[in-house]
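Participant:
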Amino acid sequence: MDDQRLCQRALEAAQKQGASYADVRLLHQRRQTINMRNGVSQVQHRRDDGVGIRVLANGSWGFAATSQWTDDAVVQAANRAVSLARASSLTAREPVTLAPVEPVVDKWEAKPRIDPFSIKTERKLALLTEVDKSMRSTAGAAVRATAGMLMAHQEEKTFASTEGAFIQQNVTTAGVNVSATAAGSGDVQTRHYPSLSSDYALRGWEFVEESDLVANGKQAAQEAVALTRAPQCPSSDMDLIVDGSLMALQMHETCGHAIELDRVLGTEASMAGTSFLTRDKQNTFEYGSPLVNMVADATIPHAHGSFGYDDEGVPATRSQIVKDGRFVGYLTSRETAPVIGEASNGTMRADNWDRIPLVRMTNVNLEPGDWSLDEMIKDTKRGLYMTDMRDPSIDDRRYNFQFASEVGYLIEDGSLTELVKNPIYTSNTPALWRSCTAVGDKSSWRMVGFPNCGKGEPGQGQRCAHGIAPARFRDVRVGVGSW
Amino acid sequence: MVGEERLQSLVEQVLRLSGAEQTEALLLARQSELTRYANSYVHQHVSESHLTLRVRAVEDGRVGMAVTNQLDAESLRHTVEKAQENARIQTPDPDFSSLPSPTCSYPQVQSFFAATVEAEATDRVGLVQQVIAEAGDFTACGYVSTDVTEMAVGNSLGLQAYNASTSAVLRSLIYTDEGSGFASAYSGDISQLDALTVAREATERCARNRCQRDVEPQQFEVILEPYAVAELVRYLAHLSFSGPAVQEGQSAISSRQGQQVVHPAISIWEDGTSPLGCPRPFDLEGVPKRRVELIHEGIAQGAVYDHRSARKYGVEPTGHYHFWEELRSGGGGGAPVPTNLFMAAGDASLEQMIASTSKGIWITRFHYVRPIHTLRTMITGMTRDGAFLVEDGKVRGAIRNLRFTDSILRMLNDVELVGQTRKLDGAFPCQLVPRLKLGSFHFTGKTAH
Numbered sequence: 009m010d011d012q013r014l015c016q017r018a019l020e021a022a023q024k025q026g027a028s029y030a031d032v033r034l035l036h037q038r039r040q041t042i043n044m045r046n047g048v049s050q051v052q053h054r055r056d057d058g059v060g061i062r063v064l065a066n067g068s069w070g071f072a073a074t075s076q077w078t079d080d081a082v083v084q085a086a087n088r089a090v091s092l093a094r095a096s097s098l099t100a101r102e103p104v105t106l107a108p109v110e111p112v113v114d115k116w117e118a119k120p121r122i123d124p125f126s127i128k129t130e131r132k133l134a135l136l137t138e139v140d141k142s143m144r145s146t147a148g149a150a151v152r153a154t155a156g157m158l159m160a161h162q163e164e165k166t167f168a169s170t171e172g173a174f175i176q177q178n179v180t181t182a183g184v185n186v187s188a189t190a191a192g193s194g195d196v197q198t199r200h201y202p203s204l205s206s207d208y209a210l211r212g213w214e215f216v217e218e219s220d221l222v223a224n225g226k227q228a229a230q231e232a233v234a235l236t237r238a239p240q241c242p243s244s245d246m247d248l249i250v251d252g253s254l255m256a257l258q259m260h261e262t263c264g265h266a267i268e269l270d271r272v273l274g275t276e277a278s279m280a281g282t283s284f285l286t287r288d289k290q291n292t293f294e295y296g297s298p299l300v301n302m303v304a305d306a307t308i309p310h311a312h313g314s315f316g317y318d319d320e321g322v323p324a325t326r327s328q329i330v331k332d333g334r335f336v337g338y339l340t341s342r343e344t345a346p347v348i349g350e351a352s353n354g355t356m357r358a359d360n361w362d363r364i365p366l367v368r369m370t371n372v373n374l375e376p377g378d379w380s381l382d383e384m385i386k387d388t389k390r391g392l393y394m395t396d397m398r399d400p401s402i403d404d405r406r407y408n409f410q411f412a413s414e415v416g417y418l419i420e421d422g423s424l425t426e427l428v429k430n431p432i433y434t435s436n437t438p439a440l441w442r443s444c445t446a447v448g449d450k451s452s453w454r455m456v457g458f459p460n461c462g463k464g465e466p467g468q469g470q471r472c473a474h475g476i477a478p479a480r481f482r483d484v485r486v487g488v489g490s491w
Numbered sequence: 065m066v067g068e069e070r071l072q073s074l075v076e077q078v079l080r081l082s083g084a085e086q087t088e089a090l091l092l093a094r095q096s097e098l099t100r101y102a103n104s105y106v107h108q109h110v111s112e113s114h115l116t117l118r119v120r121a122v123e124d125g126r127v128g129m130a131v132t133n134q135l136d137a138e139s140l141r142h143t144v145e146k147a148q149e150n151a152r153i154q155t156p157d158p159d160f161s162s163l164p165s166p167t168c169s170y171p172q173v174q175s176f177f178a179a180t181v182e183a184e185a186t187d188r189v190g191l192v193q194q195v196i197a198e199a200g201d202f203t204a205c206g207y208v209s210t211d212v213t214e215m216a217v218g219n220s221l222g223l224q225a226y227n228a229s230t231s232a233v234l235r236s237l238i239y240t241d242e243g244s245g246f247a248s249a250y251s252g253d254i255s256q257l258d259a260l261t262v263a264r265e266a267t268e269r270c271a272r273n274r275c276q277r278d279v280e281p282q283q284f285e286v287i288l289e290p291y292a293v294a295e296l297v298r299y300l301a302h303l304s305f306s307g308p309a310v311q312e313g314q315s316a317i318s319s320r321q322g323q324q325v326v327h328p329a330i331s332i333w334e335d336g337t338s339p340l341g342c343p344r345p346f347d348l349e350g351v352p353k354r355r356v357e358l359i360h361e362g363i364a365q366g367a368v369y370d371h372r373s374a375r376k377y378g379v380e381p382t383g384h385y386h387f388w389e390e391l392r393s394g395g396g397g398g399a400p401v402p403t404n405l406f407m408a409a410g411d412a413s414l415e416q417m418i419a420s421t422s423k424g425i426w427i428t429r430f431h432y433v434r435p436i437h438t439l440r441t442m443i444t445g446m447t448r449d450g451a452f453l454v455e456d457g458k459v460r461g462a463i464r465n466l467r468f469t470d471s472i473l474r475m476l477n478d479v480e481l482v483g484q485t486r487k488l489d490g491a492f493p494c495q496l497v498p499r500l501k502l503g504s505f506h507f508t509g510k511t512a513h
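Those protein sequence lines, which keep their order, are chains A and B.
Those letters in the first sequence? Residues 9 to 491, by our numbering.
Those letters in the second sequence? Residues 65 to 513, by our numbering.
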């Protein structure tokens with residue numbers, strides 16, 4: 009059965025049951041994941057197809073999903089979604105209303121230069137084997153564990169609604185990562201390239217080739233060994249330069265999640281919490297120093313958080329979030345945008361056919377400033393340079409946080425000096441961004457793709473990205489704790 | 065439900081299609097329903113139906129995998145071929161000797177409750193309505209969920225296993241502008257979920273969590289509710305109790321087996337068959353689950369193994385092959401991890417814990433806990449949904465949330481009292497743990513609420 013006809017059956021069934029609105033998403037996906045651990049490979053292919061139907065009935069939402077690709081299964085799911093909506097309405101206060109959107113019929117594609125599925129698996133395995141040997145031979149016996157990962161993903165998504173939208177989007181994604189774990193001096197340290205969370209883009213094999221995993225893996229292994237011998241990061245207040253995936257993480261946690269309007273309105277309160285960026289703060293709150301400018305931009309070609317249309321059929325947009333330090337805008341949806349008197353800026357996405365769309369980060373970016381990294385370091389008397397994320401922690405209002413990185417270098421009199429291990433810093437969101445004294449220029453600006461931004465119950469892991477440049481912050485508490 | 069007959073028939077079909085030296089078919093069927101509420105009404109209400117097949121093919125020490133959720137004859141054939149092709153082209157795994165052999169018998173567990181399967185959307189909404197009513201003027205959010213999972217695994221050596229299990233969860237967070245309270249309940253049987261008790265616990269905690277005062281971060285005594293203890297044990301298990309990590313020097317207890325690693329009042333074990341936890345008879349390879357003593361009276365005793373790692377290190381497999389991530393997200397490759405953890409109860413009441421505290425914090429649960437150093441079991445996180453100052457044996461009032469940065473093993477070395485009752489936490493890994501009173505706990509930051 010073709011996808012268009014299946015969409016029609018789902019929408020007709022929902023309307024027949026009394027839905028005032030319905031949309032349906034059909035997804036065909038295939039993925040190849042190749043992992044290599046200590047020279048031993050593990051290749052996995054995965055096919056994952058399914059249909060998700062979202063309805064409004066009695067003014068409330070219902071959603072049902074099935075992996076069965078038949079008329080009966082889809083009609084049954086539509087009926088189930090309507091019955092869930094009716095049950096939801098037993099507790100409803102106000103009927104859900106949706107901001108209007110022009111129904112679109114369109115096709116959108118993020119096409120890679122080199123289809124990653126066209127590359128033989130043997131070639132991919134040979135690359136990971138070469139990286140593995142390089143990491144081990146360079147750094148010797150101190151390297152106790154190595155890992156590598158290549159991922160290729162293709163997705164064909166069809167969206168249709170009872171308002172007349174019919175949108176097909178095809179996306180190809182590539183992801184890479186390598187790591188080395190070293191033991192010595194009573195410690196164990198791990199370095200990743202590109203980062204702990206890997207790096208992803210809406211690209212193909214060219215993304216893997218440009219990552220130069222052999223050379224970067226080698227460097228990661230050397231740094232892991234060096235870290236085992238490095239002194240612990242000191243505990244002190246000092247200037248801090250944040251770079252690389254660590255800056256992406258800082259953007260993600262302190263800005264990206266904080267500006268999700270559904271979170272602000274309380275619908276995520278039970279899980280990861282709400283946001284300190286309450287509605288009264290829009291256009292009035294000093295989020296950062298005047299050097300800080302942030303946008304959410306789902307239109308950047310090949311960025312991991314880009315798309316043509318969100319899962320409500322709203323076109324991708326570029327929205328200002330922070331302008332000259334002032335907080336000005338949220339990520340919104342058709343249901344949440346009217347609450348603040350706006351139209352949706354198109355950020356409702358589900359991570360798969362079996363989950364509902366939520367307000368999600370797109371590419372939430374720090375706009376470039378006019379400092380080079382060298383200038384920033386030279387201009388710093390005493391500080392710490394941190395790059396490449398480790399696990400973060402932030403409170404349930406996106407306010408108090410503690411972030412760690414894999415490596416840190418002390419800065420003394422304008423130069424990077426000693427390597428330190430276990431670097432960590434803590435602050436609160438506005439205090440940190442208000443203390444921003446320099447932002448990196450265009451030459452230092454780049455995209456970092458995240459594969460699995462977590463949100464929702466049941467949980468979802470969404471693709472997104474952050475455009476980042478290094479930035480410097482004044483008098484930040486680093487080296488936290490008594491260990 | 066899909067049913068044992070259909071799943072076993074699919075397993076057999078897959079095994080017949082394969083020409084590999086060894087083949088394994090794992091089928092997971094899941095029907096999940098979740099009624100989510102926020103701002104005191106149901107705002108999300110979802111149902112999902114999954115049936116996923118994973119094939120492992122073994123050729124000359126090489127293991128290939130393929131996964132599909134399309135189970136027509138052509139898809140089955142293609143998936144088996146892909147698994148075989150993947151096996152042929154990759155590097156041999158020197159630590160893989162064989163898929164598991166058939167087992168004589170599996171432990172009998174009660175993991176399936178018809179009431180959970182039969183629960184309707186209106187039943188879940190009814191539980192939510194009880195919570196909202198009990199919360200009164202406070203705002204209620206959380207969810208009620210039910211899951212029915214069927215697992216069938218078979219391999220070409222003759223292993224065959226099937227299990228059906230159910231779970232039901234009620235989570236409730238009640239809040240005002242001044243503070244929040246939390247409570248939850250888990251059972252395999254939805255009829256055992258007592259919404260009123262959960263709602264009262266969360267609402268009472270919320271009512272107490274008002275007029276929060278600022279406390280400077282420093283070392284305090286702490287009383288940890290079971291929700292908080294479960295979080296510590298979850299991370300300890302994640303960081304320290306996997307067999308390969310212990311064997312390869314990447315666990316804090318690697319070189320300390322047989323030694324005192326925490327206070328003698330602490331005993332932690334893994335038991336996938338206990339009716340007090342979330343029992344399942346076997347792991348995702350069909351290996352029977354066995355009880356494993358992890359820490360007994362403070363002494364490190366053991367770790368959990370899957371079939372591959374047990375063969376590698378010359379120990380008995382304990383039935384702990386599980387995916388790193390949900391199969392819907394790819395499943396990862398599978399690794400030995402604890403799934404059903406228990407901590408021994410003590411004899412202290414909450415009142416005794418409060419009375420014995422000269423200056424401490426009574427903590428409901430933690431938020432966004434993350435490891436920062438594996439070998440030192442160092443973690444960081446925030447308090448959440450109720451932290452209360454206790455001075456001179458009395459609860460003095462609510463405080464704003466604090467950040468902690470501390471070592472789990474260090475904390476568990478400083479246990480002063482262990483609670484006399486335990487609470488079941490159904491989040492992975494499932495846990496039954498008591499309240500704890502610790503002599504010291506390192507707070508390193510504070511927040512504005």
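Glycine is no exception: its CB is placed at the ideal position from the N, C-alpha and C atoms.
All of these numbers come straight from a predicted model, not from anything done at the bench.
(1) Which residues mark the beginning and the end of the beta strand (DSSP E) in which F411/A is found?
(2) Any C-beta of chain A sitting closer than 8 angstroms to the C-beta of G205/B?
(3) Run the proximity test for S331/B: is its beta-carbon closer than 7 angstroms to any non-hydrogen atom belonging to the ligand MN?
(4) How would you call M455/A, buried or exposed, if buried means at least 16 neighbouring beta carbons within 10 angstroms?
(5) Could you name the residues of the stretch 386 to 419 of chain A whose beta carbon sits closer than 9 angstroms to any beta carbon of chain B, in the order they occur along the chain?
(6) Residues of chain A with CB under 9 angstroms from I427/B, in chain order?
(7) Identify, in the order they occur along the chain, each residue of the same chain with its Cβ nearer than 6 angstroms to the Cβ of M417/B, setting aside the five sequence neighbours on each side.
(8) Hey, is A216/B's beta-carbon within less than 8 angstroms of any beta-carbon in chain A?
(9) Taking 8 angstroms as the CB-CB limit, is I5/B close to chain A?
(10) For H506/B, write down the residues that DSSP places opposite it in a beta bridge.
(11) Count the other C-beta atoms from every protein chain shown that fall within 10 angstroms of the C-beta of L140/B, then say buried if there are 16 or more, exposed otherwise.
(12) Given Q410/A, which residues of its chain have a CB within under 7 angstroms of its CB, disregarding the five upstream and five downstream residues?
(13) Any contact of the stretch 22 to 36 of chain A with the stretch 163 to 172 of chain A, i.e. 3+ C-beta pairs under 8 angstroms?
(14) Listed in chain order, which residues of the stretch 183 to 195 of chain B have Cβ atoms closer than 7 angstroms to some Cβ of chain A?
(15) Is G243/B buried or exposed, if buried means 16 or more other CB atoms sit within 10 Å of its CB?
(16) What does a CB cutoff of less than 7 angstroms around R372/B pick up in its chain, not counting 5 residues either side in sequence?
(17) Kindly indicate which residue of Q197/A, S380/A, L285/A, C461/A has the alpha-carbon position closest to the one of S451/A.
(18) Below 8 angstroms between beta carbons is the criterion; list the residues of the stretch 101 to 112 of chain B that meet it against any residue of chain A, in chain order.
(19) List the endpoints of the continuous alpha helix (DSSP H) containing P419/B.
(20) From the DSSP secondary-structure annotation, give me the bridge partner or partners of K165/A.
(21) Whose Cβ in chain B lies nearer than 7 angstroms to the Cβ of D56/A?
(22) Check each residue of the stretch 272 to 290 of chain A: if its Cβ is closer than 8 angstroms to any Cβ of chain B, include it; give the result in chain order.
(23) Mapping DSSP to helix, strand and coil, what is E214/B?
(24) Please report the Cβ distance between V184/A and M143/A, rounded to the nearest whole angstrom; I am assuming they are in contact, meaning their Cβ atoms lie under 8 angstroms.
(25) If we define contact as Cβ-Cβ less than 8 angstroms, is G509/B a contact residue for chain A?
(26) For the candidate residues Q177/A, V51/A, Q12/A, A85/A, whose alpha-carbon lies nearest to that of Q25/A?
(27) Closer than 8 angstroms, Cβ to any Cβ of chain A: which residues of the stretch 429 to 460 of chain B, in chain order?
(28) Within 8 angstroms (strictly less), CB to CB, does V262/B reach chain A?
(29) Under 7 angstroms Cβ to Cβ from Q321/B, same chain only, skipping five residues before and after it: list those, please.
(30) Taking just the CA atoms, how far does R264/B sit from S236/B?
(31) Output needed in chain order: residues of the stretch 461 to 474 of chain B with a Cβ under 8 angstroms from some Cβ in chain A.
(32) If the criterion is Cβ atoms closer than 8 angstroms, does the pair F284/B and R269/B meet it?
(33) Among the residues of its own chain, which have a CB less than 6 angstroms from the CB of G450/B, if the five just before and after it don't count?
(34) Using the beta-carbon of each residue, which ones in chain B are nearer than 8 angstroms to I364/A?
Facilitator: The structure says:
(1) If you number the first sequence from 1, residue 411/A lands on position 403. Residues 408 to 420.
(2) By one-based count along the second sequence, residue 205/B stands at place 141. Residue identity check: residue 205/B is Cys in the sequence provided, not Gly. The C-beta of C205/B comes closer than 8 angstroms to at least one C-beta of chain A.
(3) Of the ligands one can find in the structure shown there are none, so the ligand MN has no counterpart to examine.
(4) Your numbering for residue 455/A matches position 447 in the first sequence. Label assigned to M455/A: buried.
(5) In summary, the residues of the stretch 386 to 419 of chain A whose CB is separated from some CB of chain B by less than 9 angstroms are R398, D399, P400, S401, I402, D403, D404, R405, Y407, N408, F409, Q410, A412, in the order they occur in the chain.
(6) Translated into positions along the second sequence, residue 427/B becomes position 363. Taking a Cβ-Cβ cut-off of 9 angstroms, I427/B has no neighbours in chain A, whose nearest Cβ is about 14 angstroms from it.
(7) Working through the second sequence from its first residue, we reach residue 417/B at position 353. Cβ neighbours of M417/B within its own chain (closer than 6 angstroms, five residues either side excluded): I287, L481, K501.
(8) As a working mapping, residue 216/B is identified with position 152 in the second sequence. For A216/B, no CB of chain A lies under 8 angstroms from its own CB, so it is not counted at the interface with that chain.
(9) In the structure as shown, chain B begins at 65 and stops at 513. Residue 5/B is therefore absent and cannot be evaluated.
(10) For the purposes of this step, residue 506/B is identified with residue 442 of the second sequence, where counting begins at 1. According to DSSP, H506/B shares a beta bridge with Q283/B.
(11) Numbered from 1 along the second sequence, position 76 holds the residue referred to as residue 140/B. Counting other Cβ atoms within 10 Å of its Cβ, L140/B reaches 16 or more and is therefore classed as buried.
(12) Taking the first residue of the first sequence as position 1, residue 410/A is located at position 402. Excluding positions up to five away in sequence, the list reads S401, I432, T434, V488.
(13) Because the criterion of three Cβ pairs below 8 angstroms is met, the stretch 22 to 36 of chain A and the stretch 163 to 172 of chain A touch.
(14) Residues of the stretch 183 to 195 of chain B that bring their beta carbon within less than 7 angstroms of a beta carbon in chain A comprise A185, T186, V189, V192, Q193, in sequence order.
(15) Numbered from 1 along the second sequence, position 179 holds the residue referred to as residue 243/B. A buried status is given to G243/B, since no fewer than 16 other beta-carbon atoms sit within 10 Å of its beta-carbon.
(16) Here the question's residue 372/B lines up with position 308 in the second sequence. D159, F160.
(17) What you label residue 451/A is simply residue 443 of the first sequence in a count that begins at 1. Of the candidates Q197/A, S380/A, L285/A, C461/A, the one whose C-alpha sits nearest the C-alpha of S451/A is S380/A.
(18) Answer in chain order: Y101, A102, N103, S104, Y105, V106, H107, Q108, H109, V110, S111, E112.
(19) Residue 419/B sits at position 355 when you count from the first residue of the second sequence. Just to set this straight, residue 419/B is Ala in the shown sequence, not Pro. That run of the alpha helix (DSSP H) goes 414 to 419.
(20) Within the first sequence, residue 165/A is the residue found at index 157, counting from 1. L35/A, Q177/A.
(21) Position 48 of the first sequence, counting from 1, holds the residue named residue 56/A. Ordered by position in chain B, the residues that pass the 7 angstroms Cβ test against D56/A are N133.
(22) From the stretch 272 to 290 of chain A, only L273, G274, T275, E276, A277, S278, A280, G281, F284 have a Cβ closer than 8 angstroms to chain B.
(23) For the purposes of this step, residue 214/B is taken as the residue at position 150 of the second sequence. In the structure shown, E214/B sits in a strand (DSSP, three-state: E or B).
(24) The residue labelled residue 184/A in the question sits at position 176 within the first sequence. The residue labelled residue 143/A in the question sits at position 135 within the first sequence. No, V184/A and M143/A are not in contact; Cβ-Cβ is about 14 angstroms, not under 8 angstroms.
(25) Taking the first residue of the second sequence as position 1, residue 509/B is located at position 445. With 8 angstroms as the cut-off, G509/B counts as an interface residue toward chain A.
(26) Numbered from its first residue, the first sequence carries residue 25/A at position 17. Considering only alpha carbons, the answer is A85/A.
(27) Taking 8 angstroms as the cut-off between beta carbons, the residues of the stretch 429 to 460 of chain B near chain A are H431, Y432, V433, R434, P435, I436, H437, T438, L439, R440, M442, T444, G445, M446, R448, in sequence order.
(28) As a position in the second sequence, residue 262/B is number 198, starting the count at 1. By this cut-off, V262/B is not an interface position.
(29) Here residue 321/B is taken as the residue at index 257 of the second sequence, counted from 1. Counting only Cβ-Cβ distances below 7 angstroms, and skipping sequence neighbours, we find A364.
(30) Looking up residue 236/B in the second sequence gives position 172. Looking up residue 264/B in the second sequence gives position 200. S236/B and R264/B: Cα-Cα distance of roughly 10 angstroms.
(31) Taking 8 angstroms as the Cβ-Cβ cut-off against chain A, the residues of the stretch 461 to 474 of chain B that qualify are N465, R467, T469, D470, S471.
(32) Locating residue 284/B in the second sequence gives position 220, where the first residue counts as 1. Locating residue 269/B in the second sequence gives position 205, where the first residue counts as 1. The Cβ atoms of F284/B and R269/B lie no closer than 8 angstroms to each other.
(33) Position 386 of the second sequence, counting from 1, holds the residue named residue 450/B. For G450/B, where only same-chain residues beyond five positions count, the Cβ hits under 6 angstroms are G245, R269, N273, T428.
(34) Locating residue 364/A in the first sequence gives position 356, where the first residue counts as 1. Within 8 angstroms Cβ-Cβ: Q108, V110.
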